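Undergrad: Input: one structure, supplied below.
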Amino acid sequence: MNILVCVKRVPETGGRVSLSADGREIDTRYLGFTVSPHEECATEEAVRLIEANGGSSTVLTLGPETAADQLRAALAIGIDRAILLETDGQDWDPVSTAAAIVAAVRAEAAAGVTYDLLLMGNEAADSGDFQVGIRVALALGLPCINGVKSLEVRDGVATARREAGGGWEVFQVPLPAVVAVREGINLPRYPSVPGRLRAKKKEIERFVPEGRGTGVAAGSSGPAGPDKIRLRLPAETEGRVEILGSGADAAPAVVDLLERIGVLSA
Amino acid sequence: MILAFVEQAGGRPDRSSLEALTFARRLAAGMGVPLGAVLFGADAAAAATELGAYGVGSAWVVEHADLDSYAPAAWGRSVAGLVGVASPSIVLAAGTDRGHEVLAYAAAMVDAPMAANCLEIRPGDSFEVTRQRWGGSLLEDASLAGPVRFVTIAEHATQPQDVPTPLVVKVESFRPSLAESDLRVRVVARVAPEVGKVSLADARVVVGGGRGVGGSEAFSELEELAGLLHGAVGVSRVVTSAGWRPHSQQVGQTGTRIAPDIYIACGISGAIQHIVGCKAAKAILVINTDPEAPIMSRAAYAVIGDLHAVVPAISAEIRRRQAS
Ligand SMILES: Cc1cc2nc3c(=O)[nH]c(=O)nc-3n(C[C@H](O)[C@H](O)[C@H](O)COP(=O)(O)OP(=O)(O)OC[C@H]3O[C@@H](n4cnc5c(N)ncnc54)[C@H](O)[C@@H]3O)c2cc1C
Ligand SMILES: Nc1ncnc2c1ncn2[C@@H]1O[C@H](COP(=O)(O)O)[C@@H](O)[C@H]1O
Numbered sequence: 004m005n006i007l008v009c010v011k012r013v014p015e016t017g018g019r020v021s022l023s024a025d026g027r028e029i030d031t032r033y034l035g036f037t038v039s040p041h042e043e044c045a046t047e048e049a050v051r052l053i054e055a056n057g058g059s060s061t062v063l064t065l066g067p068e069t070a071a072d073q074l075r076a077a078l079a080i081g082i083d084r085a086i087l088l089e090t091d092g093q094d095w096d097p098v099s100t101a102a103a104i105v106a107a108v109r110a111e112a113a114a115g116v117t118y119d120l121l122l123m124g125n126e127a128a129d130s131g132d133f134q135v136g137i138r139v140a141l142a143l144g145l146p147c148i149n150g151v152k153s154l155e156v157r158d159g160v161a162t163a164r165r166e167a168g169g170g171w172e173v174f175q176v177p178l179p180a181v182v183a184v185r186e187g188i189n190l191p192r193y194p195s196v197p198g199r200l201r202a203k204k205k206e207i208e209r210f211v212p213e214g215r216g217t218g219v220a221a222g223s224s225g226p227a228g229p230d231k232i233r234l235r236l237p238a239e240t241e242g243r244v245e246i247l248g249s250g251a252d253a254a255p256a257v258v259d260l261l262e263r264i265g266v267l268s269a
Numbered sequence: 152m153i154l155a156f157v158e159q160a161g162g163r164p165d166r167s168s169l170e171a172l173t174f175a176r177r178l179a180a181g182m183g184v185p186l187g188a189v190l191f192g193a194d195a196a197a198a199a200t201e202l203g204a205y206g207v208g209s210a211w212v213v214e215h216a217d218l219d220s221y222a223p224a225a226w227g228r229s230v231a232g233l234v235g236v237a238s239p240s241i242v243l244a245a246g247t248d249r250g251h252e253v254l255a256y257a258a259a260m261v262d263a264p265m266a267a268n269c270l271e272i273r274p275g276d277s278f279e280v281t282r283q284r285w286g287g288s289l290l291e292d293a294s295l296a297g298p299v300r301f302v303t304i305a306e307h308a309t310q311p312q313d314v315p316t317p318l319v320v321k322v323e324s325f326r327p328s329l330a331e332s333d334l335r336v337r338v339v340a341r342v343a344p345e346v347g348k349v350s351l352a353d354a355r356v357v358v359g360g361g362r363g364v365g366g367s368e369a370f371s372e373l374e375e376l377a378g379l380l381h382g383a384v385g386v387s388r389v390v391t392s393a394g395w396r397p398h399s400q401q402v403g404q405t406g407t408r409i410a411p412d413i414y415i416a417c418g419i420s421g422a423i424q425h426i427v428g429c430k431a432a433k434a435i436l437v438i439n440t441d442p443e444a445p446i447m448s449r450a451a452y453a454v455i456g457d458l459h460a461v462v463p464a465i466s467a468e469i470r471r472r473q474a475s
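Chains as they are written, first to last, in my numbering: chain A, 4 to 269; chain B, 152 to 475.
The structure is reproduced here in structure tokens:
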């Protein structure tokens, strides 16, 4: 079977975030980059399915030249091929992103490569649009299951579960299909040293997506968007922290507090 | 009209849908337009009549033999079909799994963009929204185009509030025209929730552990304290990635959102992706060796020190008081 995994490069922010001077981006001068945990799990799931069923896996991203780092991270854990739809660094909205992914899948098909499964994250870490997978599936005429935390593929049928109201909902679709997964579906492996070396040597297939420079892909018939105007940090209610003590000696003060707020019946 | 997709179970609208309706009602009043609703499933008609208390004047109950069980593309197609009938200027849903999914389908089907997890909407020629990014740790102002605007409303941001004089809801049935492919994805089975466990999302006390716990064995210290407080253990992503604890215990952007009376965060630095999962806690008590850890600025209380000394001492003190 053939699997395509879609990932998005995002800054790896820690405890505090600051914005660029124009307020449109996170200030990434001192930050590393990563992909969403959901997408790390999608990548791991692709590697496991290919290990079990045979075939080939491909990772794809729409992003700047530097997003090659995130593709190499996927190659390092066992993905076979990598495709970079290279932007000029502008953010693409979800409508345009989906259109670019659809165009890439069609171009692959024209070159003789068809996919049984398109794996996505449930939502991108930064923009959280909750829609790229669905738009891709509709355009390609494929069924789509979202929020997936357990996936089984057998005899051309995907059975997927997602959490609902404390229990689970079970979906079943014939392949080819789009499946958007959540962190927790598996525990991604760490890349091995030989894996990293192999990834370093692999070629990354680069394409310029149609619409580069405008940030809006050709091929969607309605308006794109949403169009980002600016980012803002939410207002913080910076309270003052009360230090109850240090070390084990603080225990009585802590238990006094627990009694006071009523979580410990004395 | 503003058209709202309302989720219901057993004839009762879901809480997050009532939040979204409360948001929608205020928006509709400001725009001078009526509020309508669309519902699916058995008992949808019963739920529809309850919506008058939330300012809904008309409701469509989707009737189709195959649609009582959840089918995201077909539900989306139905909402897209209703857009042609009701001509709303805004289609809205709660920012839940189903809300996002049904609206994304409907928006894609009518070739419109969609903005997820909105907190504010400023209608007008340049229709602007404020929406959540990074699970809510960052906000984005964006404009949204199209004759019909599709938006989901962030959960837990609006208190549901009914109106003093409920409207009488005009309930109509709506028969969507579906393509066969719309019915490919459907819920084919359900697994009921486990009973009797303190769920992390609902626990009144959560004892959290991060990298500072240092390994899987040391979690017994946190479990003991959680047990004494009838609470649950929650963890950071470092802990689940290392395999010390299962992902079902992860708190944060890609884990569970908690809202306890107190969150006791031990050996956790307070990355923004962790904080969005625990900021609904009434109070945070930090136990950390580093008085400069970012989580301190979110905490009401703190103990500076090694969690391996502090946590067992708290448990011992609770036992001592319980015994006396
Ligand atoms: C898109 C995305 C999504 C993410 N989603 C999540 C999520 O859902 N949940 C989540 O938690 N993270 C998430 N993360 C990861 C997050 O960014 C942080 O890496 C993670 O939360 C850090 O975990 P930590 O606080 O346990 O570790 P660290 O940041 O390493 O902090 C360890 C803390 O322990 C303290 N400490 C060390 N030893 C002791 C001791 N003996 N006693 C007391 N204190 C001690 C240290 O002072 C330090 O403050 C996500 C990241 C990304 C990019
Ligand atoms: N720039 C991108 N490149 C590749 N895949 C993407 C990109 N943006 C989004 N995706 C995929 O679509 C999923 C959902 O994204 P979104 O709808 O933006 O929340 C992500 O988890 C990715 O799998």
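From the three backbone atoms N, C-alpha and C, an ideal C-beta is built for every residue, glycine too.
None of the values given here were measured: they were computed from a predicted structure.
Can you determine whether any heavy atom of ligand 2 sits closer than 7 Å to the C-beta of Asp230 of chain A, and answer yes or no?
TA: Result no, Cβ not under 7 Å from ligand 2.
Undergrad: Should Ser399 of chain B be counted as a contact of ligand 1 given a C-beta to heavy atom distance under 7 Å?
TA: No, Cβ of Ser399 of chain B sits at least 7 Å from all heavy atoms of ligand 1.
Undergrad: Around the Cβ of Lys231 of chain A, are there at least 16 other Cβ atoms within 10 angstroms (buried) or fewer (exposed)?
TA: When all chains shown are included, Lys231 of chain A counts as buried.
Undergrad: Report yes if the C-beta of Asp132 of chain A is less than 7 Å from at least one heavy atom of ligand 2; otherwise report no.
TA: Checking the Cβ of Asp132 of chain A against ligand 2 gives yes.
Undergrad: Would you say the beta carbon of Ser39 of chain A comes nearer than 7 Å to a heavy atom of ligand 2?
TA: At least one heavy atom of ligand 2 is nearer than 7 Å to the Cβ of Ser39 of chain A, so yes.
Undergrad: For Glu48 of chain A, collect the residues of the same chain with a Cβ closer than 7 Å to its Cβ; drop the 5 residues on either side in sequence, then sort them by chain order.
TA: Excluding residues within five positions, the ones whose Cβ falls inside 7 Å are Leu122, Leu154, Val184, Ile188, Asn189.
Undergrad: Can you tell me whether Arg163 of chain B is buried or exposed? The criterion is at least 16 other CB atoms within 10 Å of its CB, across all chains shown.
TA: It is exposed - the Cβ of Arg163 of chain B has fewer than 16 other Cβ atoms within 10 Å.
Undergrad: Pick from A:Val105, A:Ser268, A:Thr61: whose alpha carbon is nearest that of Ile137 of chain A?
TA: Of A:Val105, A:Ser268, A:Thr61, the residue nearest in Cα terms is A:Val105.
Undergrad: In chain order, what residues of the same chain lie with their CB nearer than 6 Å to the CB of Ser295 of chain A, ignoring the 5 residues before and after it?
TA: Because residue 295 of chain A is not part of the residues shown, which for chain A are 4 to 269, the question remains open.
Undergrad: Could you pull the start and end residues of the alpha helix (DSSP H) that Met447 of chain B belongs to?
TA: Per DSSP, Met447 of chain B belongs to no alpha helix (DSSP H) and is neither H nor E.
Undergrad: What do you reckon, is the C-beta of Asp457 of chain B under 7 Å from a heavy atom of ligand 3?
TA: Ligands present in the displayed structure are limited to ligand 1 and ligand 2, and ligand 3 is not among them.
Undergrad: Out of B:Ile438, B:His459, B:Ala293, point me to the one whose CA is closest to Asp94 of chain A's CA.
TA: For Asp94 of chain A, the nearest C-alpha among the options comes from B:Ala293.
Undergrad: Which residues of the stretch 92 to 106 of chain A have a Cβ closer than 9 Å to any Cβ of chain B? Give them in chain order.
TA: Answer set for the stretch 92 to 106 of chain A: Asp96, Pro97, Val98, Ala101.
Undergrad: List, in order along the chain, the chain B residues whose C-beta lies closer than 7 Å to that of Ile246 of chain A?
TA: Residues of chain B passing the Cβ test: Ala453, Ile455.
Undergrad: Residues of chain A with CB under 7 Å from His251 of chain B, in chain order?
TA: Those within 7 Å of His251 of chain B in chain A are Phe133.
Undergrad: Starting from the C-beta of Gly246 of chain B, find all residues in its chain whose C-beta is less than 7 Å away, skip the five residues before and the five after it, and write them out in chain order.
TA: Taken in chain order, the residues that qualify are Ala267, Asn268, Thr303, Ile304, Ala305, Glu306.
Undergrad: So Met152 of chain B contacts chain A; which residues on that side make the cut at Cβ distance below 9 Å?
TA: Result: empty, since nearest Cβ-Cβ is about 20 Å, beyond 9 Å.
Undergrad: For Phe36 of chain A, write down the residues that DSSP places opposite it in a beta bridge.
TA: DSSP lists A:Pro14 as partners of Phe36 of chain A.
Undergrad: Quick check on Ser197 of chain A: buried or exposed, where buried means 16 or more other Cβ atoms within 10 Å of its Cβ?
TA: According to the sequence shown, residue 197 of chain A is Pro rather than Ser. So Pro197 of chain A ends up on the exposed side.
Undergrad: Would Ala70 of chain A pass as a contact of Arg164 of chain A if the rule is Cβ separation under 8 Å?
TA: No, the pair does not count as a contact, with Cβ atoms beyond the cut-off.
Undergrad: What are the residues that DSSP puts in a beta bridge with Thr61 of chain A?
TA: Beta-bridge pairing links Thr61 of chain A to A:Leu7, A:Arg84.
Undergrad: With a cut-off of 8 Å, does the C-beta of Gly150 of chain A fall near any C-beta of chain B?
TA: True, the Cβ-Cβ gap to chain B drops below 8 Å.
Undergrad: What is the C-beta distance between Val236 of chain B and Ala257 of chain B, in whole angstroms, given that I count them as a contact (C-beta under 8 Å)?
TA: That belief does not hold up - the Cβ atoms of Val236 of chain B and Ala257 of chain B are roughly 13 Å apart, past 8 Å.
Undergrad: Is Ala127 of chain A near ligand 2 - that is, is its Cβ less than 7 Å away from at least one heavy atom of it?
TA: Ala127 of chain A: yes, Cβ under 7 Å from ligand 2.
Undergrad: Which chain A residues sit within Cβ distance under 9 Å of Asn439 of chain B?
TA: By Cβ distance, chain A contributes nothing, its closest Cβ being about 11 Å from Asn439 of chain B, past 9 Å.
Undergrad: Under 8 Å between the Cβ atoms of Ala254 of chain A and Glu468 of chain B?
TA: Yes, they are a contact pair.
Undergrad: Find out if the Cβ-Cβ distance for the pair Phe191 of chain B, Val207 of chain B is shorter than 8 Å.
TA: No. Outside cutoff.
Undergrad: Can Leu351 of chain B and Gly385 of chain B be called in contact, C-beta distance under 8 Å?
TA: Closer than 8 Å, so yes.
Undergrad: For Leu88 of chain A and Leu63 of chain A, which I take to be in contact (beta-carbon distance under 8 Å), what is that distance rounded to the nearest angstrom?
TA: Going by Cβ atoms, the distance from Leu88 of chain A to Leu63 of chain A rounds to 7 Å, so yes, they are a contact pair.
Undergrad: Would you kindly report the start and end of the unbroken beta strand (DSSP E) that includes Trp226 of chain B?
TA: Note, Trp226 of chain B: premise wrong, no beta strand (DSSP E); alpha helix (DSSP H) at 223 to 237.
Undergrad: For Thr316 of chain B, write down the residues that DSSP places opposite it in a beta bridge.
TA: Looking at the DSSP assignment, Thr316 of chain B forms no beta bridge with any residue, so it has no partner.
Undergrad: If you run the structure through DSSP and keep just helix, strand and coil, what is Met182 of chain B?
TA: Of the three classes helix, strand and coil, the one that applies to Met182 of chain B here is helix, per DSSP.
Undergrad: My assumption, with CB atoms under 8 Å, is that Ser229 of chain B sits in contact with Phe325 of chain B. Please give the rounded CB distance.
TA: Yes, Ser229 of chain B and Phe325 of chain B are in contact; Cβ-Cβ is about 7 Å, under 8 Å.
Undergrad: How would you list, in chain order, the residues of chain A whose beta-carbon sits under 7 Å from the beta-carbon of Glu468 of chain B?
TA: Per Cβ cutoff of 7 Å: Ala254, Pro255, Val258.
Undergrad: Are the CB atoms of Arg275 of chain A and Thr117 of chain A nearer to each other than 8 Å?
TA: There is no way to answer for residue 275 of chain A, as the model of chain A reaches only from 4 to 269.
Undergrad: Quick one, are the C-beta atoms of Pro177 of chain A and Asp119 of chain A less than 8 Å apart?
TA: Cβ distance not < 8 Å, so Pro177 of chain A and Asp119 of chain A don't count as in contact.
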